[in-house]
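J.: Questions regarding the structure given below will be posed in turn.
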Amino acid sequence: MKGPDLAMEVTVISAEDLNDDSSVFGFRLRPFVTAFAGAAAVDCDRLPTPLHRTRLADGSDPSWGDLLRIPLDPSFLVSTRGDDDDDAGICLVVLSKRPLGGAARLGWCRIPPADVLDGLRHTSAIRRLSYALRHPRHGGRSRGVVHVAVRLVGRDINRLLRPQPAPALPPQQPGWGGVAIGIPVVALGSPPCWSGFGVDSPPLAAARMPGSAKDARAWSSALTFV
Numbered sequence: 001m002k003g004p005d006l007a008m009e010v011t012v013i014s015a016e017d018l019n020d021d022s023s024v025f026g027f028r029l030r031p032f033v034t035a036f037a038g039a040a041a042v043d044c045d046r047l048p049t050p051l052h053r054t055r056l057a058d059g060s061d062p063s064w065g066d067l068l069r070i071p072l073d074p075s076f077l078v079s080t081r082g083d084d085d086d087d088a089g090i091c092l093v094v095l096s097k098r099p100l101g102g103a104a105r106l107g108w109c110r111i112p113p114a115d116v117l118d119g120l121r122h123t124s125a126i127r128r129l130s131y132a133l134r135h136p137r138h139g140g141r142s143r144g145v146v147h148v149a150v151r152l153v154g155r156d157i158n159r160l161l162r163p164q165p166a167p168a169l170p171p172q173q174p175g176w177g178g179v180a181i182g183i184p185v186v187a188l189g190s191p192p193c194w195s196g197f198g199v200d201s202p203p204l205a206a207a208r209m210p211g212s213a214k215d216a217r218a219w220s221s222a223l224t225f226v
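Everything in the sequence shown is counted per the UniProt record's numbering, starting at 1 for the first residue and increasing by one.
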């Protein structure tokens with residue numbers, strides 16, 4: 001069964017202040033950018049195959065304007081906690097081709113999901129972003145800047161972003177144990193006080209409410225008397 005059609009389009013626009021400190025011969029820079037989906041920031045240190053990459057450029061301030069399309073897993077859409085290193089993201093690694101040996105790594109950065117799923121515009125809207133490049137040989141400090149434009153594309157975006165229904169609550173089981181709130185009722189009057197007349201108060205069980213008009217008048221007279 002074919003999975004959801006979801007991808008991020010990354011247009012690598014340009015970079016600034018690139019530098020290759022690893023070269024002792026002072027070769028001129030021939031930079032290019034690779035892009036791939038990584039589960040964590042540590043994955044940006046590993047280059048998988050195949051890679052999505054730009055063409056070669058020249059100098060420390062190169063321009064590309066190349067469009068890269070990176071397939072994504074639907075879990076990318078729920079990884080919106082921020083730019084934590086444990087989240088999913090798109091890794092961009094800037095390298096420079098050398099005449100001898102492999103390509104020199106100039107730096108890397110990561111596009112976290114929160115930069116695209118910000119809730120301000122639709123995910124298919126183009127966002128222009130700039131990221132400082134990190135370099136493991138320099139303690140992760142900035143080693144240049146890369147400028148990109150990104151957006152999410154795919155037929156399943158709206159369906160995948162649709163809020164999921166809340167789980168149904170279990171049916172309430174009949175029986176005791178519920179909480180009841182009682183409302184106190186103020187009595188219309190107090191029973192007659194007989195202690196002042198040398199007669200003990202009648203027990204509450206003997207008191208009865210008036211059942212007729214005659215009884216009501218007698219009850220009212222007793223309350224007035226008190």
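Yeah, the Cβ is synthetic: ideal placement off N, Cα and C, and Gly gets one too. Quick caveat, the model's predicted, so the values are computed rather than measured.
1) Please look up how many angstroms separate the CB atoms of Val113 and Gly89, rounded, as I've assumed it's under 8 Å.
2) Are there 16 or more other CB atoms within 10 angstroms of the CB of Ala15, so buried, or fewer, so exposed?
3) Classify Gly144 as buried or exposed, calling it buried when 16 or more other Cβ atoms lie within 10 Å of its own Cβ.
4) With residue 295 and Cys109 assumed to form a contact (beta carbons below 8 Å), what rounded beta-carbon distance in angstroms separates them?
5) Where in the region 95-132 do unbroken runs of the beta strand (DSSP E), each at least 3 residues long, occur, reported from the N-terminal end onward?
6) Cα separation between Asp21 and Asp66?
7) Pick from Arg53, Thr54, His122: whose alpha carbon is nearest that of Asn158?
8) Between the region 25-34 and the region 49-59, do at least 3 Cβ pairs fall closer than 8 Å?
9) Going by CA-CA distance only, name the one from Val116, Arg155, Gly102 that's closest to Ile126.
10) Taking a contact to mean a Cβ-Cβ separation below 9 Å, would you say Asp17 touches Gly154 in this structure?
11) Looking at the secondary structure, which residues open and close the beta strand (DSSP E) in which Leu68 lies?
12) Just mark Arg134 as buried or exposed, buried being the case when its beta carbon has 16 or more other beta carbons within 10 Å.
13) In chain order, what residues of the same chain have a beta carbon less than 6 Å from the beta carbon of Arg69, not counting five sequence neighbours either side?
14) Rounded to a whole number of angstroms, what is the C-alpha to C-alpha distance between Ala103 and Trp64?
15) May I ask which residues mark the beginning and end of the beta strand (DSSP E) holding Ala7?
16) Would you tell me roughly how many angstroms separate the C-alpha atoms of Asn19 and Ser60, rounded to the nearest one?
T.: Reading it off the structure:
1) According to the sequence shown, residue 113 is Pro rather than Val. Confirmed, about 7 Å.
2) buried
3) buried
4) The structure shown does not extend to residue 295, since the chain spans only 1 to 226, so no value can be given for it.
5) 104-111
6) 26 Å
7) His122
8) yes
9) Val116
10) no
11) 63-71
12) buried
13) Ala7, Glu9
14) 18 Å
15) 7-16
16) 6 Å
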